[in-house]
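Chemist: Counting in the numbering used here, the sequence shown runs from 1 upward without gaps.
Right, I'll just put the structure down here and ask away after.
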Amino acid sequence: MKIAEQLIANEIEILAAQKRRDFSTVEALLADDFHEVGGSGRLYSKPEVMQALPEIQVMDYSCEDFQVLFVGAECAIVVFKATVRRVHRGQAQSTRAYRSSTWVKRDRAWRLVFHQATPLAAP
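Set out below in structure tokens:
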């Protein structure tokens, strides 16, 4: 599998694992120094993200318009649009966002080190 295809598959697997409530898979794909800027603009660390995941039930998702931008042989940025339907603290939510993820290859494995979701208007 080509690197770009693997990174796109990793992005989809993160959402699929959340839907399955398989948080260990999400944790394995995130680098220990992972950070995320959420739609609210707040910066989250990996421990904060992992702590919040059980409070969110992903019901369905779709992803489109993937692009993989290589920064170097062991660093790439994946950008795409995603629509996610979820339940958070009993409230149904549907979000559409333009997402960007920075992946680095460490110890022969690709790990997500940074993610940002910019909210988009509903289609």
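Note that beta-carbon positions come from the ideal geometry of N, C-alpha and C, so glycine has one too.
At the level of alpha carbons, what is the spacing between Thr83 and Ala121?
Modeler: Taking the first residue of the sequence shown as position 1, residue 83 is located at position 83. Taking the first residue of the sequence shown as position 1, residue 121 is located at position 121. For Thr83 and Ala121, the distance between alpha carbons rounds to 11 Å.
Chemist: Let me confirm a value: Leu69 is counted as buried when at least 16 other C-beta atoms fall within 10 Å, else exposed. Which label applies?
Modeler: Position 69 of the sequence shown, counting from 1, holds the residue named residue 69. By the 10 Å Cβ count, Leu69 comes out exposed.
Chemist: Does Ser101 pass the burial test, meaning 16 or more other C-beta atoms within 10 Å, or should it be called exposed?
Modeler: For this step, residue 101 is matched to residue 101 along the sequence shown. So Ser101 counts as buried.
Chemist: Using a Cβ-Cβ cutoff of less than 6 Å, which residues in the same chain neighbour Pro119 once the five nearest sequence positions on both sides are dropped?
Modeler: The count along the sequence shown starts at 1 and reaches residue 119 at position 119. If we look at Pro119 and ignore the five residues flanking it on each side, its Cβ neighbours are Gly39 and Ala97.
Chemist: Run through the region 14-39 for me and flag every whole beta strand (DSSP E) of 3 or more residues, listed as ranges in chain order.
Modeler: Counting only runs of 3 or more, we get 30-37.
Chemist: Whole angstroms is fine: what's the gap from Thr25's alpha carbon to Ala17's?
Modeler: Within the sequence shown, numbered from 1, the residue matching residue 25 stands at position 25. Within the sequence shown, numbered from 1, the residue matching residue 17 stands at position 17. The straight-line gap from Cα to Cα measures roughly 6 Å.
Chemist: Can Ile12 and Cys75 be called in contact, C-beta distance under 9 Å?
Modeler: Along the sequence shown, one-based indexing puts residue 12 at 12. Along the sequence shown, one-based indexing puts residue 75 at 75. Result no, Cβ atoms of Ile12 and Cys75 do not sit closer than 9 Å.
Chemist: Find out if the Cβ-Cβ distance for the pair Lys19, Asp33 is shorter than 9 Å.
Modeler: Counting from 1 along the sequence shown, the entry for residue 19 is found at position 19. Counting from 1 along the sequence shown, the entry for residue 33 is found at position 33. No, these two residues do not count as a Cβ contact at 9 Å.
Chemist: What distance in whole Å lies between the Cβ atoms of Ala31 and Arg106, which are believed to be in contact at a cut-off of 8 Å?
Modeler: Counting from 1 along the sequence shown, the entry for residue 106 is found at position 106. Counting from 1 along the sequence shown, the entry for residue 31 is found at position 31. That pair is a contact at about 7 Å.
Chemist: For the alpha helix (DSSP H) that contains Ala73, what are its first and last residues?
Modeler: Position 73 of the sequence shown holds residue 73. Looking at the DSSP string, Ala73 is not in any alpha helix (DSSP H), and its letter there is neither H nor E.
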